[in-house]
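Report on one structure; see the data block that follows.
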Amino acid sequence: MTSTLTIAVPAETVPGEDRVALVPDVAGRFVKQGLAVRVQSGAGAAAHFRDEAYVAAACTVVADAASLYADAGLVCKVQCPTAAEVAQLPAGCTLVTQLQPARDGDIVRALQARGVHVLSMTLVPRITRAQSMDVLSSQATVAGYKAVLIGAEAMGRFLPMLVTAAGTLPPAMTFVLGAGVAGLQAIATARRLGSNVRAFDVRPETKEQVESLGAVFVAAEMIAKDATTAGGYARETTDEERQRQSAAIAKQVAESDLVITTASSPGKKAPVLITRAMVEQMKAGAVIVDLAADGGGNCELTRAGETVVHHGVTVIGPVNVAARMPTHASQMYAKNVQAVLALLVKDGALVLNREDEIVKAMLVTEE
């Protein structure tokens, strides 16, 4: 069957980005649908997907960008393209990637000038029929899991209780701030590793979810019934609410060995929940892993991409955490892309239905 659409999968160029937009299994499914898939050589190597696996899935592996993009109608990427990459994209093609319009304004304008149609995976609406496309949730799952491992490695103590010939060692206390997808996965992971876990979120519906994972939901009296927005995120709290919640958070932080913060909202600066004064009340050797470092951080001392030690407390500000587990992160991302393309590709052709609420929400530029 003659392919009617060519999908191009480039190697990611952003330093530290080890994911790939399409894994061999998903790419092979597109080939079986009669589409052509070109993959730049080495695109999946850092995620442990060899070129041979793509060839076995009937994809074409090419050495350079010129061969990759020739006549490509659809380009699938993980990261927002750089200016150099934009210049290589075929005019009029469609790009599916994690672009954030509020942050990537210059790139958006360059893409628009080139006539590239851009669909941002970060703008998938949080509605039932788009759940399988929700890349923010899939990658947050990876980040929540990895955050506990990052924290455990930085700690000078065990997470679980151990009974040894040298005596009994009590379990560590983990406190998770924010019970969204990343927070819930962090809770589950810390519990699997044997830690006692407490958690807090301003949204009332999260209490049951936290407790179902075996953690203790703290300061339930501090949450408001109207704290959740239509998109499922926490609304901005009032000054009075912040003061009461801050006191409750300070108590939990002071008692914890490991604190993981996850409070963020796309396109907005992360709220500061842990102050310098709170850090100074923590135990020597305690660790904070701030998953909101990309957005400014939930801890006053967080520095994105850096580790800060203050008053004996280690504050870690990891960025692009999902890329640290590139195999499963790529598999999940590729499944999200597959779900999006199932909506866009009809009879071998790419159709952008601007009336569809998912397409309308994701479409950043056209013509």
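Mapping of the sequence shown onto my numbering: residues 1 to 367, in sequence order. Glycine is no exception: its CB is placed at the ideal position from the N, C-alpha and C atoms. Remember, it's a predicted structure, so these values are computed and weren't measured experimentally.
Secondary structure of Leu-169 (DSSP, three-state): strand.
Note that the segment 178 to 188 touches the segment 255 to 273; at least 3 beta-carbon pairs, one per stretch, sit closer than 8 Å. Asn-298 sits buried, since 16 or more C-beta atoms from the chains shown fall within 10 Å of its C-beta. No Cβ-Cβ contact shorter than 8 Å links Val-315 with Asp-294. Within the DSSP bridge table, the entry for Lys-346 names Ala-349 as partners. Per the Cβ contact rule, the segment 305 to 314 is not in contact with the segment 327 to 337 (fewer than 3 Cβ pairs under 8 Å). Counting the other CB atoms within 10 Å of its CB gives His-117 a total of 16 or more, which places it among the buried residues. Look at the beta carbons and you see the segment 247 to 254 not touching the segment 162 to 169: under three pairs across the two are nearer than 8 Å. For Leu-68, the enclosing alpha helix (DSSP H) stretches over residues 65 to 69. Secondary structure at Arg-129: helix, using DSSP grouped into helix, strand and coil. Taking Ser-120 as reference, the option from Ala-110, Arg-103, Leu-95, Pro-318 with the minimal CA-CA separation is Leu-95. Ranked by Cα distance from Val-62, the first of Asp-51, Ala-56, Asp-71 is Asp-51. Short of 7 Å from the beta carbon of Arg-303, and not among the five residues preceding or following it, lie these beta carbons of its own chain, in chain order: Gly-317. Pairing Gly-34 with Ala-58, the inter-Cα distance amounts to about 11 Å. Listed in chain order, the alpha helix (DSSP H) elements of length 4 or more contained wholly in the segment 75 to 145 are 83 to 88, 105 to 113. Going by beta carbons, Ala-172 and Asp-257 fall inside the 8 Å limit. For Asn-336, the three-state secondary structure derived from DSSP is helix. Rounded to whole angstroms, Glu-357 and Thr-97 show a C-alpha spacing of 18 Å. Counting C-beta pairs with one atom in each stretch, the segment 212 to 220 and the segment 184 to 200 have three or more that are closer than 8 Å, which means they touch. The beta carbons of Thr-82 and Leu-99 sit about 12 Å from each other, so the pair does not count as a contact at 8 Å. Here Met-325 has Val-142, Lys-146 as same chain residues with Cβ atoms under 7 Å from its own Cβ, once five neighbours each way along the sequence are excluded. Pairing Gly-73 with Leu-350 gives a Cβ-Cβ distance under 8 Å.
Scanning its chain for C-beta atoms nearer than 7 Å, with the 5 sequence neighbours on each side dropped, one finds around Arg-191 the residues Val-197, Leu-213, Gly-214, Ala-215, in chain order. In the DSSP assignment, Leu-184 falls within the alpha helix (DSSP H) that extends over 181 to 192. Relative to the Cα of Ala-284, the nearest Cα in the group Gly-42, Arg-109, Arg-157, Ala-11 belongs to Arg-157.
Looking only at Leu-149, Val-148, Val-124, the smallest Cα-Cα distance to Ser-137 is reached by Val-124.
Taking the CA atoms as reference points, Ile-187 sits about 9 Å from Val-148.
By the criterion of a C-beta distance shorter than 6 Å, His-48 is surrounded in its chain by Thr-327, once the five residues flanking it on both sides are discounted. In the DSSP secondary-structure assignment, Ala-263 is not bridged to any residue. Distance between Ala-361 and Pro-160, taken at the CA atoms: about 44 Å. In the DSSP annotation of this structure, Ala-219 is not part of any alpha helix (DSSP H), being labelled neither H nor E.
For Ile-7, there is no enclosing alpha helix (DSSP H); the enclosing beta strand (DSSP E) has its first and last residue at 6 to 9.
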